[in-house]
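Everything on this sheet refers to the single structure shown next.
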Amino acid sequence: MWSAKFGLPGRCGSFLFLVLPFILFGAEAIAQQNPVEPVTDSTKSAAQSNATAPTPSADTQADSDSSSLRLGAGDLLEFNVYGVPELSTKARVGNTGDLYLPLIGYVHVADLSLEEAQTLLEKGLSDGGFVKNPHVTMFIDEYASQGITVIGEVARPGIYPVLGDRRLFDVLSAAGGLSDKAGRNITITHRNSPDHPKMVHLSQHLERGTGENVEVAPGDTIVVARAGVVYVVGDVGRPSGFLMDSDSITVLQAIAMAGGTTKTAKLNSSRIIRKTAQGAQETHIQLKKIMQAKAPDLTMQADDILFVPSSAGKTAMYRGAESVLQAATALSIVAVHP
2 MWSAKFGLPG RCGSFLFLVL PFILFGAEAI AQQNPVEPVT DSTKSAAQSN
52 ATAPTPSADT QADSDSSSLR LGAGDLLEFN VYGVPELSTK ARVGNTGDLY
102 LPLIGYVHVA DLSLEEAQTL LEKGLSDGGF VKNPHVTMFI DEYASQGITV
152 IGEVARPGIY PVLGDRRLFD VLSAAGGLSD KAGRNITITH RNSPDHPKMV
202 HLSQHLERGT GENVEVAPGD TIVVARAGVV YVVGDVGRPS GFLMDSDSIT
252 VLQAIAMAGG TTKTAKLNSS RIIRKTAQGA QETHIQLKKI MQAKAPDLTM
302 QADDILFVPS SAGKTAMYRG AESVLQAATA LSIVAVHP
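Encoded structure:
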């Protein structure tokens, strides 16, 4: 009857009735060997703790420099309490240095480090009876109180607030870029180590110098140095002062930027005048041989003066190193790079 009802042949139905007791007996034996542990409150809490336990990651670890940074007015903070997502929020420090958070109310956090502020908020939650053994984590989304100071040869020197992670080129761009007189040496003084400034030398092609785009932090000071200047005076096509595109420049490069020498130039009487602590120091050079590649091309430094005298009677007006120095100071500075 049962087999007919489910459309099973009679023999198949009889077979099932014979085998079914053995199947049930085997299942019971397996259940006895591998009993299922009942779900209790303790196992529930253990499972929940395993499922929600935080795992360390690079994003949740504070930067080593952040411990020395101090909070101030305008900083935007992200506030989280482990296990209590309802308290997660973002708040900005007010002009008085106070931070308003749910349950706790106003808390003065100005001039505190991030770790000190976290400890203070944990105490407020615990003392108020709001959260038992609270674990507070805070992140600084925006630094408004500690900007980066940019001075020197930039279009707009000043203090620029840091919003998130920033690199050197970001800050220089915010300052309007480098001026025409900017050199390629930049000094970065970190707030945490003012006695150990970092020197950055910009390459000629900034798009290739990715290693120069270093990280900067709130409180840093960036100084863009002025490019060095060499002066070429005397019997040349264009006596001027020329900005150096690197830390040094050769005599031939300086002559080329000055438009070459004239027909009346007394080449082998040329000299380089260098300012030292003891006064002006003269070095005579054989410019004719240098131009003919018969003598090595000498290197000039910033503030050096290359004087090319004339073979005519005009040489008298350039007598002595002091006269040459006075003539050089009257020259215009030309932003021409070799």
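In my numbering, the protein residues as written are 2 to 339.
Where a beta carbon is used, it is the ideal one built from N, C-alpha and C, also for glycine.
Q. Roughly how many angstroms lie between the CA atoms of A296 and S271, to the nearest whole one?
A. The straight-line gap from Cα to Cα measures roughly 14 Å.
Q: Kindly say whether D112, judged by its beta-carbon, lies nearer than 7 Å to any beta-carbon of chain B.
A: Note that chain B does not occur in the displayed structure, where there is just one protein chain.
Q.
Strictly by DSSP, which residues pair up with L244?
A. V230
Q) Under a three-way DSSP split, which group does I189 fall into? A) strand
Q.
Given 6 Å as the limit, tell me if I306 has its C-beta closer than that to any heavy atom belonging to the ligand ATP.
A. Because no ligand of any kind appears in the structure shown, any question about the ligand ATP cannot be addressed here.
Q. So the beta strand (DSSP E) D112 belongs to, where does it begin and stop?
A. Here D112 belongs to no beta strand (DSSP E), and DSSP marks it neither H nor E.
Q | Coil, strand or helix - A176 by DSSP | A | Here A176 sits in coil by DSSP.
Q) How many angstroms separate the CA atom of T97 from the CA atom of L126? A) T97 and L126 have their alpha carbons spaced roughly 22 Å apart.
Q.
Please classify V237 as buried or exposed, where buried requires at least 16 other C-beta atoms within 10 Å of its C-beta.
A. buried
Q: Let me know if T120 comes out buried or exposed under the rule of 16 or more other beta-carbons within 10 Å of its beta-carbon.
A: Its Cβ having fewer than 16 others within 10 Å, T120 is exposed.
Q: Tell me whether T120 sits in a helix, a strand or coil according to DSSP, three-state version.
A: helix
Q: Would you kindly check if the distance between the Cβ of P162 and the Cβ of G235 is under 7 Å?
A: no
Q | Neighbour-count burial assignment, D305, 16 or more Cβ in a 10 Å radius | A | buried
**Q.** Alpha carbon of L307 to alpha carbon of E216, nearest angstrom
**A.** 40 Å
Q. Would you call I160 buried or exposed, if buried means 16 or more other Cβ atoms sit within 10 Å of its Cβ?
A. exposed
Q | Nearest-angstrom Cα separation, counted from V252 out to T190 | A | C-alpha separation (whole angstroms): 35 Å.
(Q) Can you look up K290 in the DSSP assignment and give me helix, strand or coil? (A) helix
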